[in-house]
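S.K.:
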Amino acid sequence: MERLEFRFAGRPGTPVAETGEALVGVVGSGNLEVMIERVDLGGGCLAVVDTSIHGFGDTWQQVLADFVDRRGLANIRLSINDGGATPAVVVLRLDQAWAGLEEGER
Amino acid sequence: MIPARHSFQEAGARARIRALLDAGTFREFCGPAQRHTSPHLPTLGMPVAFDEGVVVGEGAIDGRPVLIAAQEGAFMGGAVGEVHGAKITGLIERALDTRPDAVVLLLDSGGVRLHEANAGLIAVGEIQRAVFDARAAGIPVVTVIGGRNGCYGGTSIIARSCDRIIASEEGRLSVSGPEVIEAVEGVEEFDAQDRALVWRTMGAKHRRLIGEIDALVADDMEAFRGAVSESLGKSRPLDLDELEAEHARLAERLARFEGVSDAREIWAALGVNDPDRVSEIEADEFNRLVATLEGARA
Amino acid sequence: MDASTHPARGGWNSLARNYEARIARGHALVGGKVVPADRTTALLEAVIEPGDRICIEGNNQKHADFLARALAEAAPERVHDLHVVQSNIALAPHLDIFESGIARRLDFCYAGPQGLRLAQLVAAGKVEVGAIHTYLELYGRYFTDLTPRVSLIAAEAADRDGNLYTGPNTEDTPAIVEATAFRSGVLIAQVNRIVDKVPRVDVPGDWVNYVVEAPKPHYIEPIFTRDPAAITDIQVLMAMMVIRGIYEKYGVTRLNHGIGFDTAAIELILPTYAEELGLRGKICRYMSVNPCPTLIPAIESGFIDAIHCAGSELGMERYVSERSDVFFIGRDGTMRSNRVYCQLAGHYADLFIGSTLQIDLEGNSSTATHARITGFGGAPNFGSESRGRRHGSPAWLAAGREAHRQGMPRGRKLVVQMVETFKEGLSPTFVERLDAWDLMDTFNMPLPPVMVYGDDLTHIVTEEGIANLLLCDSLAERAQAIRAVAGYTEVGRKRDRQMVEMLRARGAVVYPEDIGVDKRLASRDLLAARSIKDLVRWSDGLYAPPARFRNW
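Residue numbers (full-length UniProt numbering), protein chains in the order written: chain E, 1 to 106; chain H, 1 to 298; chain L, 1 to 552.
#1: For Gln480 of chain L, does the three-state DSSP call read helix, strand or coil?
#2: Listed in chain order, which residues of the region 171-194 of chain H have Cβ atoms closer than 8 Å to some Cβ of chain L?
#3: How far does the beta strand (DSSP E) with Pro65 of chain H in it reach, from first residue to last?
#4: Would you mind reading off the limits of the alpha helix (DSSP H) that contains Ile127 of chain H?
#5: Taking the alpha-carbon positions, what's the Ala467 of chain L to Ala345 of chain L distance?
#6: By how many angstroms is the C-alpha of Glu49 of chain L removed from the C-alpha of Ser4 of chain L?
#7: So within the region 380-421 of chain L, which uninterrupted alpha helix (DSSP H) runs reach at least 4 residues, ignoring any that extend past its ends?
#8: Quick one: is Glu57 of chain L buried, meaning 16 or more other Cβ sit within 10 Å of its Cβ, or exposed?
#9: Buried or exposed for Asn118 of chain H, please, with buried defined as at least 16 other CB atoms from any protein chain shown within 10 angstroms of its CB.
#10: Name, going along the chain, the residues of the region 484-515 of chain L whose beta-carbon falls closer than 7 Å to a beta-carbon of chain E.
#11: Looking only at DSSP bridge pairs, what is Pro428 of chain L linked to?
#12: Is there a Cβ of chain H sitting closer than 8 Å to that of Gly278 of chain L, yes or no?
#13: Using a Cβ-Cβ cutoff of less than 8 Å, which residues in the same chain neighbour Glu322 of chain L once the five nearest sequence positions on both sides are dropped?
#14: Going by beta-carbon coordinates alone, are Pro380 of chain L and Met451 of chain L separated by less than 8 Å?
#15: Consult DSSP for Ser4 of chain L and reduce its assignment to one of helix, strand or coil.
#16: With Ala486 of chain L and Thr462 of chain L assumed to form a contact (beta carbons below 8 Å), what rounded beta-carbon distance in angstroms separates them?
#17: Which residues, in order along the region 254-269 of chain H, keep a beta-carbon less than 7 Å from a beta-carbon of chain L?
#18: Anything in chain H within Cβ reach of Gly83 of chain E, meaning under 7 Å, just list it in chain order.
#19: Quick check: is the beta carbon of Pro12 of chain E nearer than 8 Å to any beta carbon in chain L?
#20: Taking DSSP as the reference, what is the three-state secondary structure of Gly146 of chain H?
#21: What are the start and end residues of the alpha helix (DSSP H) that includes Tyr142 of chain L?
#22: Please name the residue in H:Gly45, H:Thr89, H:Pro65, H:Arg64 whose C-alpha comes closest to that of Val55 of chain H.
#23: Step through the CB atoms of chain L and report whether any lies within less than 8 Å of the CB of Gly203 of chain H.
#24: Please work out which residues of its chain come closer than 8 Å, Cβ to Cβ, to Ile77 of chain H, disregarding the five sequence neighbours upstream and downstream, and give them in chain order.
#25: If you draw a straight line from the alpha carbon of Met1 of chain L to that of Ser14 of chain L, how long is it in whole angstroms?
#26: When you compare each of H:Leu240, H:Val180, H:Glu116 to His40 of chain H by their alpha carbons, which one comes out closest?
#27: Counting only beta-carbon atoms, is Val49 of chain E nearer than 8 Å to chain H?
#28: How many Å lie between Ser120 of chain L and Leu237 of chain L at the Cα?
#29: I'd like the list of long-range same chain contacts for Ala16 of chain L, defined as Cβ closer than 8 Å, with 5 residues on each side in sequence excluded.
#30: Is the beta carbon of Val252 of chain L sitting closer than 8 Å to the one on Asp350 of chain L?
#31: Note the first and the last residue of the continuous beta strand (DSSP E) segment covering Asn287 of chain H.
#32: Using a threshold of 8 Å, state whether the C-beta atoms of Thr166 of chain L and Asp202 of chain L are closer than that.
#33: Compile a chain-ordered list of the residues in the region 237-255 of chain H whose CB is closer than 8 Å to at least one CB of chain L.
#34: Short of 9 Å Cβ to Cβ, which residues in the region 423-448 of chain L face chain E?
#35: Can you look up residue 120 of chain E in the DSSP assignment and give me helix, strand or coil?
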């Protein structure tokens with residue numbers, strides 16, 4: 001297992017609006033679970049990835065940075081248990097997690 | 001166009017719970033954000049799951065309170081580890097306090113998580129004890145089987161300790177899995193690749209015909225929901241008379257079918273006219289067949 | 001000149017005389033057409049001569065497995081240095097004969113599961129590879145310089161006169177038989193049963209020299225069954241893009257599908273997604289493809305008018321027989337497949353779509369992997385521009401308008417690769433340099449084994465979007481269009497964002513939102529069948545899946 005941690009600027013200074021969480025996906029070969037939580041990170045975002053495939057830190061960095069950027073996220077913690085998912089699957093789960101978080105708050 | 005079904009088998013543990021319970025009633029205990037994960041898997045370099053591969057909580061079906069657990073079959077084949085087992089045990093024990101109309105266990109598991117060895121075995125024993133405690137207190141415990149892993153090993157023992165078992169025809173129930181039997185007895189005895197044989201031997205239709213499960217439903221959420229709803233509040237006696245009667249039934253069954261080499265011979269002996277068709281028919285036709293057989297026996 | 005004294009070859013009919021001698025030896029041994037199974041190896045030793053070119057019928061699915069084993073048991077002192085010319089190397093005896101010296105030279109098309117052992121035997125000098133062909137090339141050479149002297153073929157049934165019934169899996173038999181029988185070659189058939197009267201005559205008995213009833217039915221592999229349960233949401237997304245961005249855009253009615261899960265996903269959303277878009281009757285009407293079970297829902301919902309098949313598929317026999325408006329069915333009520341005609345039909349279709357393992361920046365693609373020799377099969381022919389085509393069709397003309405924007409107007413076949421940017425285990429599909437180059441060096445091949453050349457390819461579809469190579473004006477633009485859909489692979493991450501935006505404005509790069517594909521709909525819920533059982537239900541119980549695909 002390899003643990004990777006990434007911090008993203010997000011929107012500094014954004015206050016925490018509410019709390020909530022969503023979990024999507026299941027850890028398995030070629031799959032992953034993503035938990036998304038609203039926590040006070042001073043407007044920033046944090047991602048912690050535990051992955052069974054070593055050596056893909058750069059790819060994770062890009063995928064996660066694009067996600068945070070595309071959604072304009074702030075105060076979001078992403079926790080990921082990964083069984084070797086492809087970026088396509090990761091992006092899909094991240095989008096589903098975000099949809100799940102928003103749905104839970106409606 | 002065939003009618004679209006909302007497949008139980010396709011769904012994950014959370015989606016199964018959502019579909020079986022009344023909308024908006026589910027309240028999860030020990031949810032993923034609390035990160036009650038396995039202490040054993042990281043030491044083996046294996047990924048953990050935030051919910052430990054099982055979702056537990058309470059909710060309502062047709063307005064009646066239930067406790068419910070759902071194993072996530074896609075995480076380690078739904079195998080029971082220490083924390084996984086503790087979540088289920090705790091849920092069932094809660095029934096003694098809250099007295100729901102049923103405890104519903106959605107089992108989808110190959111059995112004990114071998115990586116956790118004794119801790120997993122003990123967990124299975126603890127779940128079984130909790131099931132008997134709940135039943136002794138008059139609270140029905142219902143097992144539902146319809147996932148890809150079927151219900152094998154220790155979880156099959158848990159299932160048979162419950163009041164009722166509901167399964168889809170895709171469901172399987174057996175102590176030893178096909179691969180285990182093939183490995184031990186040889187491929188001539190049991191070809192695990194022959195999935196028609198696997199289902200004839202371990203599948204829900206066979207289990208229903210020989211009286212080991214109580215309801216067979218189509219792989220459809222509404223069908224499962226209906227069958228679970230019908231089981232609410234219905235306990236089966238758990239006493240010495242019941243146990244002795246069951247032992248006698250099993251002894252008679254063994255004596256009757258000991259020499260049989262294929263389930264179809266059993267079905268024929270039970271009065272099924274066309275045993276070769278049993279595997280092909282849909283749940284409703286199968287249930288009509290069962291009703292006819294039971295009517296003939298009564 | 002006197003026919004009997006032709007100077008260079010001892011007469012004008014030496015092949016025929018040699019044939020008569022072989023048959024005389026064979027008849028001396030077995031006395032007639034019907035050969036007892038236990039005399040098969042002796043017969044082969046009698047009629048095969050050292051150095052012969054022979055074919056052991058090995059198709060995609062049907063195999064003359066009993067005859068292959070019988071040949072492997074021949075004495076290498078009597079039968080040796082054979083030149084094997086056959087499409088598929090799939091069974092152990094196909095290579096055993098090279099280990100024992102019975103055979104030395106090999107011309108073939110495809111070596112799927114035996115690819116690793118074949119590579120080892122080539123490296124050890126036991127197999128001299130003449131060439132790796134496509135099906136059409138090899139059968140083309142059967143009619144030029146690689147005609148077999150003896151062909152060992154497989155059929156479902158024979159009568160005592162040698163009339164053969166090949167059943168739904170006719171596959172390559174007609175091509176092999178035609179070449180062998182009409183150039184003084186010997187034909188030996190293994191059959192599952194000898195009957196008084198065959199249901200239909202697929203091969204006339206007077207072309208066939210010997211018939212053996214094999215102890216076990218010939219081996220058939222169900223290689224075209226894709227369990228819908230294994231199709232992913234991402235494959236559904238790509239299928240949606242193919243339907244909107246290619247089938248609908250060009251109005252593709254005549255096409256050939258590959259046999260992977262990607263194309264199965266397309267087939268399974270025709271009755272849902274394409275139906276909702278009002279595309280029934282407008283796309284996917286005529287197909288050159290095997291009777292893949294995943295086609296059932298599209299057939300049942302009226303999308304597909306006709307399908308011609310290269311082979312059959314286990315479990316589909318009854319369903320196919322009951323759909324004679326769609327499939328090519330004999331008077332006896334069973335299908336007749338034919339690989340060569342199916343390839344021909346596919347060659348002049350409007351579109352080919354398949355999948356591959358690696359694509360480079362020119363769009364060349366390859367399924368070659370290290371340490372294996374797998375070969376080509378039929379994809380290079382299906383997946384190539386048909387420059388000899390002259391008849392117009394809306395799709396062909398629409399693609400032609402994009403391909404030939406100046407000068408003489410022409411049409412263009414659409415050749416599409418549908419791939420995810422990463423394979424399982426995170427190996428990238430998009431690479432700067434194909435592994436095929438290393439394979440060429442390792443095995444002394446004349447060229448890197450490329451499946452579909454970049455200049456034949458028109459579109460690449462990934463989960464990111466579609467690269468339309470027809471609208472790229474230079475190799476540099478083509479490379480950027482490919483990078484644009486290569487996602488997070490190294491190739492993709494090196495894209496020039498400005499150039500990609502320019503290409504996108506031109507339509508050479510298309511993202512899902514550009515063609516109205518709603519990614520939120522991309523889930524397995526869109527599949528008309530999500531399990532093998534669903535396919536059985538769609539077929540009204542006519543499809544009988546092999547036991548290994550069942551979960552009931």
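Each residue gets a CB set at the ideal place from its N, CA and C atoms; glycine is no exception.
Since the structure is predicted, the reported quantities are computational estimates derived from the model, not experimental observations.
M.R.: Concretely, from the data shown:
#1: helix
#2: Gln193, Asp194
#3: 64-71
#4: 117-136
#5: 26 Å
#6: Model confidence at Ser4 of chain L stands at a pLDDT of 49, short of 50, so the residue's coordinates are unreliable and nothing is read from them.
#7: 394-403
#8: buried
#9: exposed
#10: Gly487, Tyr488, Arg493
#11: L:Phe422
#12: no
#13: Leu542
#14: yes
#15: Reliability fails at Ser4 of chain L, whose pLDDT of 49 lies under 50, so the model's placement of it is uncertain and the value that follows must be treated cautiously. Three-state DSSP puts Ser4 of chain L in a helix.
#16: 7 Å
#17: none
#18: Pro47
#19: no
#20: coil
#21: 135-142
#22: H:Thr89
#23: yes
#24: A small fix is needed here, since residue 77 of chain H is Gly in this sequence, not Ile. The answer, listed in chain order, is Ser109, Gly110, Asn149.
#25: Interpretation of Met1 of chain L is limited by its pLDDT of 43, a score under 50 that renders its predicted location unreliable; the figure taken from the coordinates is listed afterwards. Between Met1 of chain L and Ser14 of chain L, the C-alpha separation is close to 15 Å.
#26: H:Glu116
#27: no
#28: Looking at the sequence provided, one finds Gln at residue 120 of chain L rather than Ser. Taking the straight line joining both Cα atoms gives about 40 Å.
#29: Ser184
#30: yes
#31: Not the beta strand (DSSP E): Asn287 of chain H falls in the alpha helix (DSSP H), residues 283-297.
#32: yes
#33: none
#34: Lys423, Glu424, Gly425, Leu426
#35: What is shown of chain E runs 1 to 106, which leaves residue 120 of chain E out entirely.
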